[in-house]
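Data block below; observations after.
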Amino acid sequence: EAEHGYASVHPFSKTTEKRSKSKIRKGSAGNSRSVHNELEKHRRAQLRHCLEQLKKQVPLSSDTTRNTTLNLLRRAEMHIKKLQEQDERAEVLKDRLRWEQQELRVRLQQLQGGMERMRNDSLGSAMSSERSDSDREDVEIDVESMVWTLDSDGLGATHTGADHSYSTSDCAWL
Numbered sequence: 261e262a263e264h265g266y267a268s269v270h271p272f273s274k275t276t277e278k279r280s281k282s283k284i285r286k287g288s289a290g291n292s293r294s295v296h297n298e299l300e301k302h303r304r305a306q307l308r309h310c311l312e313q314l315k316k317q318v319p320l321s322s323d324t325t326r327n328t329t330l331n332l333l334r335r336a337e338m339h340i341k342k343l344q345e346q347d348e349r350a351e352v353l354k355d356r357l358r359w360e361q362q363e364l365r366v367r368l369q370q371l372q373g374g375m376e377r378m379r380n381d382s383l384g385s386a387m388s389s390e391r392s393d394s395d396r397e398d399v400e401i402d403v404e405s406m407v408w409t410l411d412s413d414g415l416g417a418t419h420t421g422a423d424h425s426y427s428t429s430d431c432a433w434l
């Protein structure tokens, strides 16, 4: 017996298939039992092949339970659910980051619009132009102060010094 409690996979080839088809043709019309046996043998070989492929794709179990076909299928089901949950969390994070990016773009446009008004108001004054240069520094966004953390789900989140609801992972929102 193989690891999963079923027979090991025999190499599947076209010659095996041709041989079984030729045996079926040679048999008489009333020999439906041998036809059924050949078809069942072929079906089981395909099933073994598919289970071996599944075994390669599903993470191995660390517990000491016997690796039966049923346990393999249960682990595959759990693995699929885990992947679906990760995908859903990634989609939520992606949506949140899109929203945050849009909010930052709007804020940047507001700040740039404010700078233009200040420049237009202070064209004649040297003091205002110095003030305008210093204000330009205030408008720059300090990206270096952003801290990237790794959540337990493996998806990154950003945090800034201030507790803005759109930049902390503590506040869940959609």
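Residue numbers (the numbering used here): 261 to 434.
Even for Gly, the Cβ is constructed at its ideal location relative to N, Cα and C.
For clarity, every value in this text was computed on a predicted model and none was experimentally measured.
query, result
"Alpha helix (DSSP H) segment containing S322, residue limits", "Where S322 is concerned, there is no enclosing alpha helix (DSSP H), given that its DSSP letter is neither H nor E."
"Supposed close pair K332, K315 - CB separation, criterion 8 Å", "Just to set this straight, residue 332 is Leu in the shown sequence, not Lys. With a Cβ gap of about 6 Å, L332 and K315 count as contacting."
"Exposure label - R308; buried when at least 16 CB within 10 Å", "buried"
"Cβ-Cβ separation, H339 to V352 (assumed contact under 8 Å), whole Å", "V352 to H339, Cβ: 21 Å. No contact."
"Nearest-angstrom Cα separation, counted from R326 out to E345", "27 Å"
"Contact under 9 Å by Cβ, S321 with R303", "no"
"N291, buried or exposed, once every other Cβ within 10 Å from all chains shown has been counted against 16", "exposed"
"Simplified DSSP assignment, three categories, for S382", "coil"
"Cα-Cα separation, Q382 to G373", "What sits at residue 382 in the sequence shown is Ser, not Gln. Taking the straight line joining both Cα atoms gives about 14 Å."
"Spatial distance of L357 from K341 (CA atoms)", "24 Å"
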